[in-house]
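Each residue of the sequence shown is one higher than the one before, counting from 22 in our numbering.
Reading through the structure tokens given below for one structure.
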Amino acid sequence: DGYVQIKDRSKDIIISGGENISSLEVESVLFRHPKILEAAVVAASDEKWGEVPCAFVCLKDGQEMTAQELVAYCREELAAFKIPKKVDFGPIEKTSTGKVQKYLLRERAESIPLVLKA
22 DGYVQIKDRS
32 KDIIISGGEN
42 ISSLEVESVL
52 FRHPKILEAA
62 VVAASDEKWG
72 EVPCAFVCLK
82 DGQEMTAQEL
92 VAYCREELAA
102 FKIPKKVDFG
112 PIEKTSTGKV
122 QKYLLRERAE
132 SIPLVLKA
């Protein structure tokens, strides 16, 4: 066709067990959930797979959700290897212009426990 489609920035690609996972693809699924206001997905290191997806989620006011509910929702929308294995609920760090600071999220991701065994 002559068209090029950008899937994600190369440093935001998660390589899990040899599979490439676009953080944007996982984020787009999370954004479609009616309880989720904001979401960001980064790579977290993993002994078995190298890296696993880690989701940072900010819920809409008055909404509640568990990590297991989020994983169940993702199971309906994503391939098994793309489902976030770590989940953190709360505010997402941004710059003064509103850009997500993924490098800070990557640092935080290392201390978050697995919610789904990789």
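All C-beta atoms in this analysis are idealised placements derived from N, C-alpha and C, irrespective of residue type, glycine included.
This one's a predicted model, so the numbers in the text were calculated from it and none came from an experiment.
Length of the line joining the Cα atoms of residue i and residue j
| i | j | result |
| --- | --- | --- |
| residue 128 | residue 24 | 35 Å |
| residue 94 | residue 56 | 11 Å |
| residue 109 | residue 119 | 19 Å |
| residue 85 | residue 77 | 14 Å |
| residue 83 | residue 50 | 21 Å |
| residue 73 | residue 37 | 6 Å |
| residue 69 | residue 134 | 15 Å |
| residue 103 | residue 41 | 9 Å |
| residue 71 | residue 117 | 32 Å |
| residue 114 | residue 121 | 6 Å |
| residue 17 | residue 52 | What is shown of the chain runs 22 to 139, which leaves residue 17 out entirely. |
Limits of the alpha helix (DSSP H) - the one that residue i falls within
| i | result |
| --- | --- |
| residue 123 | 123-130 |
| residue 100 | No alpha helix (DSSP H) contains residue 100, which DSSP labels as neither H nor E. |
| residue 48 | 44-52 |
Contact check, residue i vs residue j, beta carbons under 8 Å
| i | j | result |
| --- | --- | --- |
| residue 105 | residue 47 | yes |
| residue 126 | residue 61 | yes |
| residue 130 | residue 79 | no |
| residue 65 | residue 107 | yes |
Residue closest to residue i, alpha-carbon to alpha-carbon, out of the options
| i | options | result |
| --- | --- | --- |
| residue 99 | 43, 32, 125, 36 | 43 |
| residue 67 | 30, 35, 117 | 35 |
| residue 33 | 114, 39, 45 | 45 |
| residue 58 | 71, 41, 81 | 81 |
| residue 138 | 101, 39, 52 | 101 |
For residue i, the first and last residue of its enclosing beta strand (DSSP E)
| i | result |
| --- | --- |
| residue 109 | 107-110 |
| residue 35 | 34-37 |
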